[in-house]
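Residue 134 in the numbering used here sits at position 40 of the sequence shown; the count goes up by one each step and never skips.
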Amino acid sequence: MEIIRAKDVTYEYSKRDEEGNEIGVNTAVNQVSLEVRQGDFIAILGHNGSGKSTLAKHINAILTPTEGTVVVDGMDTRDEEKVWQIRQTAGMVFQNPDNQIIGQIVEEDVGFGPENMGVPTKEIWERVEESLKAVGMYGYRLHSPNKLSGGQKQRVSIAGVLAMHPKCIILDEPTAMLDPNGRKEVIRAARALNDVEGITIILITHYMEEIIHADRVFVMDQGKIAMQGTPKEVFSRVEELQRLRLDVPQVTLVAYELQKRGIPLPDGILTVDELAEALAAVRAKNLESGKV
Ligand SMILES: Nc1ncnc2c1ncn2[C@@H]1O[C@H](COP(=O)(O)OP(=O)(O)OP(=O)(O)O)[C@@H](O)[C@H]1O
Ligand SMILES: [Mg+2]
Numbered sequence: 095m096e097i098i099r100a101k102d103v104t105y106e107y108s109k110r111d112e113e114g115n116e117i118g119v120n121t122a123v124n125q126v127s128l129e130v131r132q133g134d135f136i137a138i139l140g141h142n143g144s145g146k147s148t149l150a151k152h153i154n155a156i157l158t159p160t161e162g163t164v165v166v167d168g169m170d171t172r173d174e175e176k177v178w179q180i181r182q183t184a185g186m187v188f189q190n191p192d193n194q195i196i197g198q199i200v201e202e203d204v205g206f207g208p209e210n211m212g213v214p215t216k217e218i219w220e221r222v223e224e225s226l227k228a229v230g231m232y233g234y235r236l237h238s239p240n241k242l243s244g245g246q247k248q249r250v251s252i253a254g255v256l257a258m259h260p261k262c263i264i265l266d267e268p269t270a271m272l273d274p275n276g277r278k279e280v281i282r283a284a285r286a287l288n289d290v291e292g293i294t295i296i297l298i299t300h301y302m303e304e305i306i307h308a309d310r311v312f313v314m315d316q317g318k319i320a321m322q323g324t325p326k327e328v329f330s331r332v333e334e335l336q337r338l339r340l341d342v343p344q345v346t347l348v349a350y351e352l353q354k355r356g357i358p359l360p361d362g363i364l365t366v367d368e369l370a371e372a373l374a375a376v377r378a379k380n381l382e383s384g385k386v
């Protein structure tokens, strides 16, 4: 069943002059349709300003479409009575962890969401515990968030969303401000929530290596969906990705260049292991046919 159905969504920001008069519109999302099934891990890629965040904000009703419809778990995001239920269903994690953490102690921070929802105290503590465990931060429950690393802070932000028992979590460039270790921690946590808890994940990122495990990838360009498919399908289209000003993973590029030079490798190689295996297979074949 689809948890998210966006149909022909267009979103226009007003352009205003210094006095605040509208002088035109900027179409940030342009006729986008997409469907996400419950339990999917979706990645959204795209150059700066391509409309990724604007689209993401439609999924938890921070924005509503200028045209078209967005339905989240059967609820139309335009239905004002459903806004809070939509935000509990689809929680959002943003780029900067420092703007998202408000508690003085980790466990208190994670408890804010369910507390605001009116969850009974005993259950709040149960949710805080399970959420912190799910992101591997339970050992830090009594720490001050200020002292944590970027990756740890982001995992606390994710736990805060998780404590509201969402069906879907949208992560808008959650790793952009983190070092490589922090990035890995956060992606690992997101993957575990998807694998173990079956939570739908929508990951917006600039880092190609973070989308390798996604079920589907959408590439945005100028407010539209320019490409979509499995990571393998999308990464097979190296030249198109480069035209959309996206970095292709190094190993995919190497495989692509080797392919162009006549080495019969499969399309869309995404990891070093895959490349090594494919090269070994080519070599074995050559040995067999007596070419080497
Ligand atoms: N609050 C706003 N008011 C006016 N225009 C905006 C606003 N936010 C975004 N835009 C414009 O809408 C377009 C899409 O922006 P958006 O932030 O959705 O892109 P993005 O793909 O998330 O970019 P980035 O990779 O930089 O995060 C851009 O042209 C941007 O300048
Ligand atoms: Mg953005």
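Where a beta carbon is used, it is the ideal one built from N, C-alpha and C, also for glycine.
Nothing here was measured: the structure is a model prediction, and the numbers come from that model.
DSSP state of Asn142, grouped into three classes?
coil
Rounded straight-line distance, which links the Cα of Asp134 to that of Arg99
13 Å
Between Ala253 and Val280, how many whole angstroms is the CB-CB distance? I'm expecting something under 8 Å.
Not confirmed; about 12 Å, so no contact.
Distance cut-off 8 Å: Glu267 Cβ against heavy atoms of ligand 2
yes
By how many angstroms is the C-alpha of Val103 removed from the C-alpha of Gln316?
14 Å
Element boundaries [alpha helix (DSSP H), containing Tyr350]
344-354
Return yes when at least one heavy atom of ligand 2 lies under 8 Å from the C-beta of Ile298, else no.
yes
Supposed contact pair Val345 and Leu139 - C-beta distance, whole angstroms, cut 8 Å:
Contact flag wrong, Cβ pair sits at about 17 Å.
Helix or strand or just coil, what does DSSP make of Leu287?
helix
Any chance the CB of Lys146 is under 8 Å from a heavy atom of ligand 2?
yes
By how many angstroms is the C-alpha of His141 removed from the C-alpha of Arg339?
6 Å
Distance CB(Ile97)-CB(Cys262) smaller than 9 Å
yes
Start-to-end residues for the beta strand (DSSP E) that takes in Ser108:
96-110
Looking at ligand 1, does it come within less than 8 Å of Ala320, judged from the CB to the closest heavy atom?
no
Just curious, the beta strand (DSSP E) that Asp266 is in, first and last residue?
262-266
Pairwise C-alpha distance: Glu368 and Glu116:
53 Å
Just to confirm, does Ala122 get its C-beta within under 8 Å of one of the non-hydrogen atoms of ligand 1?
yes
Pair within 9 Å by beta-carbon distance, Pro358 and Val342:
no
Whole angstroms are fine: how far does the CA of Gly118 sit from the CA of Arg110?
7 Å
For Lys278, the residue or residues it bridges with in DSSP:
For Lys278, which the question treats as bridged, DSSP gives no partner whatsoever.
Check whether the Cβ atoms of Val255 and Tyr234 sit closer than 9 Å, and answer yes or no.
no
Mind checking which residues open and close the alpha helix (DSSP H) that includes Ser330?
First-last for Ser330: undefined, no H or E at that position.
Determine, using beta-carbon pairs with one atom in the region 328-338 and one in the region 158-178, whether at least three such pairs fall under 8 Å.
no
Which residue comes first and which comes last in the beta strand (DSSP E) that contains Phe312?
310-315
Under DSSP, the beta strand (DSSP E) around Val119 begins and ends at which residues?
116-131
Are three or more beta carbon pairs between the region 258-277 and the region 177-192 nearer than 8 Å?
yes
Tell me the DSSP secondary structure of Thr294 in three-state form.
strand
Do Thr432 and Leu265 have their C-beta atoms closer together than 9 Å?
Not covered by the structure: residue 432. The range shown for the chain is 95 to 386.
Taking the straight line between their C-alpha atoms, what separation do you get for Met271 and Gln246?
12 Å
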